[in-house]
Every structure is written in structure tokens, then in C-alpha cells.
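Here the sequence shown stands for residues 7 to 443, numbered as in the working numbering. Structure record follows, encoded as C-alpha cells.
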Amino acid sequence: MPRFASLAAVPLGLWLAACAAAAQQAPVVVSDPVDLGATCDAPASDEGVHGGTQARIVRTSHGAYAAFLGKDAGGKAVVHLIRIRDGRPERLASLPTTLSGSNSVHVVCDADQEVYVVAPGTEYVDGRERAVLAAYHVDRSTGATTEHRTTVPFGRGSSFGYGSAVLDAPRRAIYALYSGGDAPGYFAWVRFDLAARRWADEAVVAELAYRHCYNYGFADGRGGVAIVSERDVRIEAVGVSPTDPGRDPGTKYVWDELRLFQIPDLARPDHRAFDIEAAVYDKTAGLYPSVQNNFGGDAFLDAQGRLHVLYRSTDNNRTKGGFNRHAVLGADGPVTSNDLLPFQDSASMRMFQSTAGRHGIAAVPYAQPARVQVWGAVDAEGLRYELLAEKRLGDAITPTYAGLAISCPRNGSIRDDVVDCLLPSGRTYYYFDIRLK
């Protein structure tokens, strides 16, 4: 794996001392949820919730900024942009958008803490699909937005979606990253120059054996990127048919393995890939794997340069049942450890790290009234965890498909021991924060 541009590693002695001191400090505190739809007149929609990897909220020194899809008074799609300062939210804008379906909106901040909303969408012209790219700079003083838009012809014509954003703060760029095809599949990306505030005119396309979607991208600061992604293809591509024993005949796709893709130079399509967890089918036993870290997982690059992948593995490796797992990848790419997490409810899981270097996981279980659990590492590597706090968010709040989003280094968020959180439920999003000290 390329060496990533990351925060300075925390010395082990400092981390251990911080953990000892933490025992004497106030416990982790989870704030009460705030209904952004009601408070800011910003109702959400069903569009754009298909992927849980979106960077929906970013933390800066001048506030937290959240972005999600909704509808205006006329029923047209908009991007709601919300700023939260001192726990008080305000809607800065509702921006018209063409985003729909599997595409959604992202919010990031650069090295100067300038905030950008990125909306990588698609449209058809004469039966051909092309990328519709919009980036909005947010004025930190006034909250006003300035749009930078372009379209990039692509020509593939199918499944040019699942847009995500990759921030390369050291090289002053944001990449809109798309997934498409089936078997074969592809990645395609377009660069936004933060200095010139201009989109590139062409996409770079990397050919894949299979389509992989729901992308977490981590720039290495030298022009390359690592992408954690899950395979998403029609059942026929992996030799499965609707009539196979134990199959739901209505299921047309599989989401069955996780891989790490390394692209050393984003100006070129060359890449290599590593399995995080490969698919192992057992038709005789009726075991068809589902391996996902979209809405029910995370990918997190820690301050020491280790890549952590949280995910849900179901009916894989000839083992029936669903399991929450935690894989860690070292500097050379392959997995160095992969173990069960201490909590096994199906949950939305997001990882963070304190300023002292302690790893944490926020988990919100599904299919029950919302509660957030905060887990803290008991070792310096972030491999073993204990429960630090748990809070019910209210019986009327039920986690939905989009899952929990948190402020994280992947989208440029500052680390100051406050984790901003965004949780969808029904036609609204709720904001709360987790205070680590």
C-alpha cells in the first residue's frame, strides 16, 4: 500500500499515558439529537441514500457542515446545506440538483478549511450517459455558495453512478469517483483543481474484471489513491441463478466481497488489488455470501497510516450467519489482522480517533429504536474494544438504509475530540455529537 499522507503517529508511551489519564476524566458524552428537517425546514428524500460511504458531514474550526438530498416546495430535488455552530443548526442553502438514485452529495474541506459541496451526478444525452459535475465553494463568513459545474462525456452508457468524492488535500484536488459496468466493470474519475476551482475536461478510466461500488478513497498525497470497495454485480456474473437452492428468486445482484484497489498515479488507470474478504460460495449448503461495508461498515485511515475496514460478512467462507468484522491492512497492502468485533448486532459502524490517538467506533444498531454505542480501543493498535457509552436517541427515531455518517479525516475534518454525527430516519436527518473529553 502506498504510504499515506496522514497525521503524525502518536508515540505509544503518550497513548498509554493518555489512556491512564482518561480514566480520571469525564466520561464520553453523546448529545441529544436535533431534527434538522424540522429545525431548518430541510426535509430529506429517498434519493441519494443508496450508498452509506458518502461524506455527509465535515467538522471545521468555523462549524460543522452537513449536506443531504431533499425536495423543495415544488417537489424538485435539492441539496440541503446545513451549518451547525455551538449545537445550533441553520440552513445555508437548498441547491437545485440532478442527483438521484445511487448518486449522492458529499461535503469536504481542504487544508485551509475551505468547505466544498461535491455533487457527482449523471445525465443522458441522445442515449449516451455523461458525468454531470458540480462543486460548490461555501463562504465561511456569509455561508454563500459559488457553483463550479461541467459535464464530461463518457460514452459507456450503463451504470455510470455510485459517485463518491476523494479529497487530496496536499495536492489541492478533489476527485469525483464513479463505478460502472458489471462484468467487466470500471472505475472512472474526474479531477477538480482546488487552486483554479475548475474541473478537468476528461475522465480517467480503469478497467476492472467486475463492477465494484460504494467506494472509500484515501489519497496518498503523492498523486495516488487507495480505494476500499465491494463487488456489486448481477448474479449471473458469479455463476448464480435464481433457481439455485436457497436463493431468493427476486434477488438479481450480489454484494459478495471486499477489495482494496491501489492506484499509484491518478493520471493513469494502472492499478493493483488485494482481497480484504473474498467470496466463497457453497450452493450445496445454500450459502451465498454477502460481504458489505457500505451503510453497515466503514473504512478509516488512522494517524499511524494503518487502514481499518469495518464490515458485515454473512454466509461466507462456508459459515452460516452474519458477523461484524474488523480488518486491518498494513503499509504493503495485504490484510494483517481480521477479527470479530465485540458487538454483533447488525449495525451502522463508523471509526474515529481521539487527539491522543485512541481508536473509537460509533455503532447504531438497525431494526430497533435508535441508540448509539461508543466503543474505545484498549490497545494502541485499535484492535480490541470496550464499551464506553451508550445512549438512546428516542423511540421515534429508527435507523434507515443510509446509515450513520460522522466527521472524519477522509473528508478533511479537524480532530479536536468532538465527532459530529448525522443519522437519517424517515424523511429527516438528525444531528448529534460525541464528545471524547
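Even glycine gets a Cβ: it sits at the ideal position worked out from N, Cα and C.
What does a CB cutoff of less than 6 Å around Arg65 pick up in its chain, not counting 5 residues either side in sequence?
-> To locate residue 65, count along the sequence shown from 1; it is residue 59. Cβ within range, chain order: Ser413, Ser419, Ile420, Asp426.
Looking only at DSSP bridge pairs, what is Gly4 linked to?
-> Residue numbering for the chain in the displayed model covers 7 to 443; residue 4 lies beyond these limits and cannot be assessed.
Determine, using beta-carbon pairs with one atom in the segment 179-198 and one in the segment 225-245, whether at least three such pairs fall under 8 Å.
-> yes
For the segment 183-192 against the segment 210-217, are there 3 or more C-beta pairs whose distance is under 8 Å?
-> yes
Should Leu346 be labelled buried (16 or more other beta-carbon atoms within 10 Å of its own) or exposed?
-> By 1-based counting over the sequence shown, the position of residue 346 is 340. Result: exposed.
Whole-angstrom distance between Lys443 and Thr361, CA atom to CA atom | As a first step, residue 361 is located in the sequence shown; it is residue number 355 there, counting from the start. As a first step, residue 443 is located in the sequence shown; it is residue number 437 there, counting from the start. Straight-line Cα distance between these residues: approximately 10 Å.
To the nearest angstrom, report how far apart Arg146 and Leu428 are at their CA atoms.
-> Taking the first residue of the sequence shown as 1, we reach residue 146 at position 140. Taking the first residue of the sequence shown as 1, we reach residue 428 at position 422. Cα to Cα, the separation comes out at about 21 Å.
Considering only the beta carbon of each residue, do Ala530 and Tyr122 sit closer than 7 Å?
-> One cannot answer for residue 530 here, as it falls past the ends of the chain, which runs 7 to 443.
Under 6 Å Cβ to Cβ from Ile88, same chain only, skipping five residues before and after it: list those, please.
-> For the purposes of this step, residue 88 is taken as the residue at position 82 of the sequence shown. The answer, listed in chain order, is Leu42, Cys46, Ala72, Pro95, Arg97.
Between Ala383 and Ala369, is the Cβ-Cβ spacing less than 7 Å?
-> Locating residue 383 in the sequence shown gives position 377, counting from the first residue. Locating residue 369 in the sequence shown gives position 363, counting from the first residue. Contact: no.
6 Å CB neighbourhood of Phe438 in its chain, flanking five on each side removed | Taking the first residue of the sequence shown as position 1, residue 438 is located at position 432. Here the set comprises Ser37, Pro39, Cys427.
What residues in its chain sit with their C-beta under 6 Å from that of Arg278, if we drop five residues either side in the sequence?
-> For the purposes of this step, residue 278 is identified with residue 272 of the sequence shown, where counting begins at 1. For Arg278, where only same-chain residues beyond five positions count, the Cβ hits under 6 Å are Gln268.
Leu272 versus Gly432 - alpha carbon distance | Residue 272 sits at position 266 when you count from the first residue of the sequence shown. Residue 432 sits at position 426 when you count from the first residue of the sequence shown. Near 38 Å, if we compare the C-alpha coordinates of Gly432 and Leu272.
On the DSSP bridge assignment, give the partners of Leu268 in chain order.
-> Indexing the sequence shown from 1 puts residue 268 at position 262. Per the sequence presented here, residue 268 reads as Gln, with Leu not at that position. Looking at the DSSP assignment, Gln268 forms a beta bridge with Ala232, Arg278.
Any beta strand (DSSP E) of 3 or more consecutive residues that is wholly inside the segment 336-368 = 341-346, 353-359
Just checking my contact of Phe358 with Gln379 at CB under 8 Å: how many whole Å lie between their CB atoms?
-> As a working note, residue 358 is residue 352 in the sequence shown. As a working note, residue 379 is residue 373 in the sequence shown. Not confirmed; about 13 Å, so no contact.
In the DSSP assignment, what residue or residues form a beta bridge with Arg331?
-> Taking the sequence shown and counting its residues from 1, the one referred to as residue 331 is at position 325. Answer is Tyr317, Leu346, bridged to Arg331.
Spatial neighbours of Ser106 within its chain, please: CB distance less than 7 Å, with the 5 preceding and 5 following residues excluded, ordered by chain position.
-> Translated into the one-based positions of the sequence shown, residue 106 becomes position 100. Cβ neighbours of Ser106 beyond the five flanking positions: Glu53, Ala83.
Roughly how many angstroms separate the alpha carbons of Asp321 and Val334, rounded to a whole number?
-> Taking the sequence shown and counting its residues from 1, the one referred to as residue 321 is at position 315. Taking the sequence shown and counting its residues from 1, the one referred to as residue 334 is at position 328. Rounded to the nearest angstrom, the two C-alpha atoms are 21 Å apart.
With DSSP as the reference, label Val16 as helix, strand or coil.
-> One-based indexing of the sequence shown puts residue 16 at position 10. Low confidence applies to Val16: its pLDDT is 46, below 50, so where it sits in the model is not reliable, and the reading given next is rough at best. Here Val16 sits in coil by DSSP.
Enumerate, from N- to C-terminal direction, the unbroken beta strand (DSSP E) stretches of 3 or more residues contained entirely within the segment 85-158.
-> 94-102, 112-115, 121-131, 134-144
Residue(s) in a DSSP beta bridge with Pro371 | Within the sequence shown, numbered from 1, the residue matching residue 371 stands at position 365. Answer is Ala353.
Quickly, what does DSSP pair Ser431 with across the bridge? List them, please.
-> Along the sequence shown, one-based indexing puts residue 431 at 425. DSSP lists Thr434 as partners of Ser431.
Which of helix, strand or coil DSSP assigns to Glu242 | Locating residue 242 in the sequence shown gives position 236, where the first residue counts as 1. Three-state result, Glu242: helix.
Which value, in whole angstroms, describes the spacing of the CA atoms of Tyr436 and Tyr372?
-> Locating residue 436 in the sequence shown gives position 430, where the first residue counts as 1. Locating residue 372 in the sequence shown gives position 366, where the first residue counts as 1. In a straight line, the C-alpha of Tyr436 is about 15 Å away from that of Tyr372.
Would you decide whether Ser110 is buried or exposed? Buried here means 16 or more other CB atoms lie within 10 Å of its CB.
-> Position 104 of the sequence shown, counting from 1, holds the residue named residue 110. Result: buried.
Quick one: any contact between the segment 280-292 and the segment 245-261, if contact means 3 or more CB pairs under 8 Å?
-> yes
Assign Thr104 to buried or exposed, taking buried as 16 or more other Cβ atoms, counted over all protein chains shown, within 10 Å of its Cβ.
-> The residue given as residue 104 occupies position 98 in the sequence shown. Looking at its Cβ environment, which holds fewer than 16 other Cβ atoms inside 10 Å, Thr104 is exposed.
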